[in-house]
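A short worksheet on the structure shown next.
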Amino acid sequence: MVLDMEKSIYTFLTVHRWESLNCMKYRLASLRPVHGRLALKFLNWVIKEPNLELKHVTHIICCTTHILVRARMYNFAKTTLKQMLQLPIGMNSVFYALMDTYPICNSNPAVFDLLIRVCLRDKMVGKAVQTFYFMGFGD
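First residue of the sequence shown: -11, per my numbering; consecutive thereafter.
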């Protein structure tokens, strides 16, 4: 069933019938590394596009991170989180962008665990503590 769904998605994309993707029940299938690799390819393509608003880049990085976590590609997810932490946005914006995209991507809490790990690994203890605070108390 999953292979048939992948073939259908590929067909829709190659014939530019994007709207047909909205009708598919792809959320039922679990994600595999192939899905994570496709998300990374898309992210790498998008980042190269000129004049893309920071808000959109942030949203796409968040969605990609959630997909990578669901596909259990944790090292790649850490890399995308590190990319996002280098954007000129505050920790508040990073956290809430991940929260906003969380339900869309049917994600799991491991995303926030990875965010804290990335912050600690890169000696951003304050940002790790802020993330922990946001998880428990919000603003």
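Glycine residues also receive a C-beta, built at the ideal position from the N, C-alpha and C atoms.
Practice problem: Out of Ala59, Tyr62, Gln71 and Phe120, point me to the one whose CA is closest to Phe31's CA. | Solution: The question names Phe, yet the displayed sequence has Leu at residue 31. Nearest Cα to Leu31 within the set Ala59, Tyr62, Gln71 and Phe120: Gln71.
Quiz item: How many Å lie between His23 and Glu41 at the Cα?
Solution: In this structure, the alpha-carbon of His23 lies about 25 Å from that of Glu41.
Practice problem: Run through the region 53 to 119 for me and flag every whole alpha helix (DSSP H) of 4 or more residues, listed as ranges in chain order. | Solution: As far as the region 53 to 119 is concerned, its whole alpha helix (DSSP H) runs of at least 4 residues are 62 to 73, 79 to 89 and 98 to 109.
Quiz item: How many angstroms separate the CA atom of Leu19 from the CA atom of Ser95?
Solution: One C-alpha to the other measures close to 11 Å.
Self-check item: Gly114 versus Tyr121: straight-line alpha-carbon distance, rounded
Solution: Rounded to whole angstroms, Gly114 to Tyr121 spans 10 Å at the Cα level.
Self-check item: Ser8 in three-state terms, based on DSSP
Solution: Unreliable placement is indicated for Ser8, whose pLDDT of 48 sits below 50; no coordinate value is reported for it.
Practice problem: Check Met(-11) in the structure and name its three-state DSSP category. | Solution: Caution applies to Met(-11), whose pLDDT of 47 falls short of 50 and renders its modelled position unreliable; the value that the coordinates give is listed next. Three-state DSSP puts Met(-11) in coil, outside helix and strand.
Quiz item: According to the neighbour-count rule (16 or more other Cβ atoms, all chains shown, within 10 Å of its Cβ), is Ile55 buried or exposed?
Solution: Buried is the call here.
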